[in-house]
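Residues in the sequence shown are numbered consecutively from 709, following the numbering used here.
Idealized CB from N, CA, C, for every residue including glycine.
Computed from a prediction, not measured in an experiment: that's the story for all the values here.
Remarks on the structure that follows.
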Amino acid sequence: RLGISPEYCLALEDSGPGSLAAARAGMTVIAIPNAQTKTANFSHVNYLYSSLHEVVANLDEFFGE
709 RLGISPEYCL ALEDSGPGSL AAARAGMTVI AIPNAQTKTA NFSHVNYLYS
759 SLHEVVANLD EFFGE
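Structure below.
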């Protein structure tokens with residue numbers, strides 16, 4: 709246990725079940741589907757990207773400018 713409230717956490721997930729668990733826990737969720745999970749339901753995530761490079765290019769969305 710980290711002792712951090714979920715609203716202060718950022719979860720990076722590549723699967724539907726993992727991202728759903730993080731969302732249900734109250735975390736901000738970034739999904740980066742892979743070849744096996746690209747057809748999964750990610751409607752519950754806050755952000756959906758195709759690569760980690762894309763996530764890094766948009767870090768200001770998560771932490772402000």
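One Cα belongs to Ser751, the other to Leu710, and the distance between them is close to 27 Å. Taken through DSSP and simplified to helix, strand or coil, Tyr757 comes out as coil. Apart from sequence neighbours up to five positions away, the residues of its chain that approach Leu720 with a beta-carbon distance below 6 Å are Ile738, ordered along the chain. In the three-state reduction of the DSSP assignment, Leu718 falls in the strand class, which pools E and B. Rounded to the nearest angstrom, the Cβ distance from Gly724 to Asn749 is 5 Å, consistent with a contact under 8 Å.
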